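To start, the structure under review is shown below, and the notes come after it.
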Ligand SMILES: Nc1nc2c(ncn2[C@@H]2O[C@H](COP(=O)(O)OP(=O)(O)OP(=O)(O)O)[C@@H](O)[C@H]2O)c(=O)[nH]1
Ligand SMILES: [Mg+2]
């Protein structure tokens with residue numbers, strides 16, 4: 008608890024599911040702190056948060072909103088995180104540098120399960136957090152009670168939730184609350200502090216029950232309180248506040264507040280709880296095991312602002328930073344405060360502050376920088392998540408290719424849940440197309456919009472190519488002669504080969520069984536190269552795999568034969584042979600591991616069989632009680648939008664990882680379609 012001494016700068020992250028009202032709450036908190044004169048709204052596109060055109064167009068947060076401000080003489084940075092499931096990596100990175108998180112929930116029991124992965128993340132990292140049940144206006148007209156909401160939320164949280172307020176209902180509306188520690192009743196007023204009112208008789212019993220539950224929850228973590236409880240002694244208000252703050256900081260309990268962000272209800276009460284109960288930066292640094300040092304900062308977000316250039320948004324864990332400070336070998340050039348889309352220069356940043364540092368060209372999100380050593384990766388920083396949705400892209404203007412790569416690099420710097428590259432296929436071949444990957448179609452579309460809008464590089468996007476292959480079902484012997492007489496000396500090569508299928512996964516094998524010098528040794532590698540040329544595109548139009556070629560004989564000419572001639576003859580022989588060997592299409596099959604709550608497992612199984620998948624087995628998901636992991640093989644061609652379907656079947660909670668497993672024969676109508684599409688694409692080139 009704050010004992011009258013001022014706290015240093017602190018950081019609170021606002022997190023929770025999509026559309027819960029986080030950005031609206033940010034606006035209300037800025038308003039209550041006097042940091043903005045007039046409150047804007049997300050719907051009207053006037054909020055401090057979500058300033059980018061991509062966010063405004065969607066009325067949703069598409070990347071982290073950072074807002075630093077003063078509240079009652081103390082420094083705070085609020086990190087308003089996107090709620091979209093596709094943007095969860097961004098929220099997690101913000102949480103990792105926050106002193107405290109405010110989980111913004113809706114008063115809807117049927118949506119509470121969605122919070123389980125978030126609560127788990129917070130508890131796994133011991134991040135102190137409170138819940139703010141927003142949109143209490145929506146509860147007013149229903150039969151639902153806060154205790155129903157609490158019960159549903161509790162089912163999603165390992166830590167006990169401790170209700171700190173009970174609502175006051177009047178004529179089917181929620182008009183205020185009773186604070187369970189002070190036992191005072193308040194009536195909410197829009198845009199102002201609440202009015203202290205007499206505690207209505209109608210809530211007295213409910214208030215006492217809830218207060219008793221709160222004290223019992225606290226007594227679980229404190230022997231003195233437990234003794235008092237057993238002896239029926241009422242603990243003092245100070246004791247209760249002190250215990251609440253202590254247990255929050257250790258992530259032992261989760262206090263629950265309530266209000267309506269869009270009309271400022273409950274916002275000052277929330278601020279007060281943050282101010283008195285949230286831990287200081289030093290405590291968070293100890294929890295994160297930040298190394299000692301005179302000056303230690305950690306970058307958690309990179310921004311490429313048009314005017315200011317590269318900005319590394321960092322938390323100062325130890326010491327202070329000024330303009331010109333050298334951090335891990337680079338000089339800071341410019342320090343800035345961020346408030347939504349505005350950037351304001353500041354002279355220095357102190358321990359605990361969040362600040363945007365200019366021109367640290369080498370710094371990456373997750374780096375810990377210091378005045379003495381080189382940059383080190385924060386051990387608690389997560390790996391970039393693998394993409395679950397990809398598109399192939401090309402610049403509309405061919406001349407924009409270089410600009411496109413530079414823009415993509417900036418987007419990936421800003422958000423490592425995005426990735427791009429000239430894809431490598433399962434056997435190491437170049438995919439020959441630029442692939443942009445992300446965490447879902449919305450995430451990827453936001454990146455495409457930014458390419459066009461912010462970077463002025465419009466791109467065309469389509470589904471990435473499926474790396475089909477083909478092979479043969481039987482073998483043959485083949486003769487090929489390449490002979491050309493043109494002017495001076497000609498070209499001559501004659502080869503005899505045998506071609507036969509190999510087992511799946513064996514690739515290509517070449518054997519030389521030429522005897523008696525029918526072909527001179529120095530030409531034999533050229534025949535092998537020719538065979539590879541011939542396998543590059545088979546009769547169906549795809550690279551040919553799992554084939555053995557044996558060179559059994561041939562002829563040469565002492566003047567006209569050359570490596571080039573033998574290479575051509577080798578290719579001719581293979582191309583001719585393949586058509587006689589019952590070519591067959593091979594499609595890539597991925598091994599996919601799908602994680603979802605166990606009550607969704609039956610749905611997940613149906614999803615797999617609906618995509619020509621084969622279930623290999625399922626197990627409990629390690630570290631996730633009540634969750635399953637289903638392992639399956641699914642053709643790559645059937646993976647499109649798997650993440651979308653999976654999320655819609657699992658209230659957004661399902662996730663998967665996938666990797667190449669094997670190639671499988673594809674025949675019949677579907678194979679014909681693939682071959683026709685390929686032929687049409689080649690013809691169109
Ligand atoms: N009825 C009601 N609506 C609210 C309240 N707070 C916010 N909203 C509305 O809820 C919608 C979503 O609000 P946002 O603040 O954008 O929600 P968010 O959590 O930031 O959403 P994402 O950033 O996309 O995850 C908006 O239309 C708000 O006007 C509230 O207390 N009551
Ligand atoms: Mg938002």
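Residue numbers (our numbering): 8 to 692.
Quick reminder that beta carbons are idealized off the backbone N, C-alpha and C, glycines included.
None of these values were measured; they are calculated from a predicted model.
Leaving out the 5 sequence neighbours to the left and right, which residues in its chain are closer than 6 Å to residue i when beta-carbon positions are compared?
i, result
"residue 254", "228 and 260"
"residue 608", "635"
"residue 9", "For residue 9, the pLDDT reaches just 45, beneath the cut-off of 50, and the residue's location in the model is therefore unreliable, although a value from the coordinates is still provided. Here the set comprises 283."
"residue 578", "537, 540 and 541"
"residue 447", "93, 396 and 650"
"residue 601", "611, 637 and 663"
"residue 285", "17, 106 and 107"
"residue 100", "307"
"residue 503", "486, 559, 560 and 561"
"residue 183", "175, 193, 194 and 195"
"residue 685", "548"
Using a threshold of 8 Å, state whether the C-beta atoms of residue i and residue j are closer than that.
i, j, result
"residue 358", "residue 327", "yes"
"residue 348", "residue 58", "yes"
"residue 589", "residue 545", "no"
"residue 169", "residue 262", "yes"
"residue 73", "residue 345", "yes"
"residue 204", "residue 192", "yes"
"residue 372", "residue 291", "no"
"residue 48", "residue 67", "no"
"residue 275", "residue 201", "yes"
"residue 107", "residue 364", "no"
"residue 287", "residue 17", "yes"
"residue 464", "residue 411", "yes"
"residue 575", "residue 505", "no"
"residue 141", "residue 38", "no"
"residue 196", "residue 147", "no"
"residue 479", "residue 594", "no"
"residue 452", "residue 572", "no"
"residue 658", "residue 157", "no"
Regarding residue i and ligand 2, is the C-beta to nearest heavy atom distance less than 7 Å?
i, result
"residue 79", "no"
"residue 89", "yes"
"residue 57", "yes"
"residue 265", "no"
"residue 29", "yes"
"residue 6", "With the chain represented from 8 up to 692, any question about residue 6 goes unanswered, as that position is not in the structure."
Between which residues of its own chain and residue i is the CB-CB distance below 7 Å, once the five residues before and five after are set aside?
i, result
"residue 124", "660"
"residue 133", "258 and 294"
"residue 652", "614"
"residue 516", "509 and 555"
"residue 98", "22, 88 and 89"
"residue 62", "68 and 69"
"residue 407", "464"
Return yes when the C-beta of residue i is under 7 Å from any heavy atom of ligand 1, and no when it is not.
i, result
"residue 323", "no"
"residue 25", "yes"
"residue 269", "yes"
"residue 142", "yes"
"residue 50", "yes"
"residue 692", "no"
"residue 111", "yes"
"residue 145", "yes"
Leaving aside the five residues before and after residue i along the sequence, list all residues of the same chain whose C-beta is less than 8 Å from its C-beta, in chain order.
i, result
"residue 512", "553, 669 and 670"
"residue 190", "206, 214 and 218"
"residue 442", "397, 398, 399, 400, 427, 428, 429, 430 and 471"
Relative to ligand 3, is the shortest distance from any of its heavy atoms to the C-beta of residue i smaller than 7 Å?
i, result
"residue 36", "In the structure on display, ligand 3 does not appear, and the ligands it does have are ligand 1 and ligand 2."
* Asked: Hey, is the region 627 to 634 in contact with the region 416 to 428, meaning 3+ C-beta pairs nearer than 8 Å?
  -> no
* Three CB pairs or more closer than 8 Å across the region 368 to 385 and the region 410 to 417 -> no
* **Start-end ranges of the alpha helix (DSSP H) lying completely within the region 438 to 495, minimum 4 residues** => 448 to 460
* Start-end ranges of the beta strand (DSSP E) lying completely within the region 231 to 295, minimum 3 residues -> 261 to 265
* To do: For the region 562 to 621, list the beta strand (DSSP E) runs that are entirely contained and at least 3 residues long, ordered along the chain.
  => 590 to 604
* Asked: Counting Cβ pairs closer than 8 Å, one from the region 310 to 329 and one from the region 37 to 54, do we hit at least three?
  -> no
* Does the region 162 to 178 come within contact of the region 298 to 305, defined as at least 3 CB pairs closer than 8 Å? -> no
* Quick one: which unbroken beta strand (DSSP E) runs of 3-plus residues sit fully inside the region 175 to 238? Chain order, please. => 180 to 186, 192 to 196 and 199 to 204
* Taking only runs of the alpha helix (DSSP H) that begin and end inside the region 44 to 100, which ones reach a length of at least 4 residues, in chain order? -> 60 to 65
* Could you pull out every unbroken beta strand (DSSP E) segment of at least 3 residues lying fully inside the region 339 to 417, listed in chain order? => 342 to 346, 349 to 352, 361 to 365, 374 to 377 and 396 to 402
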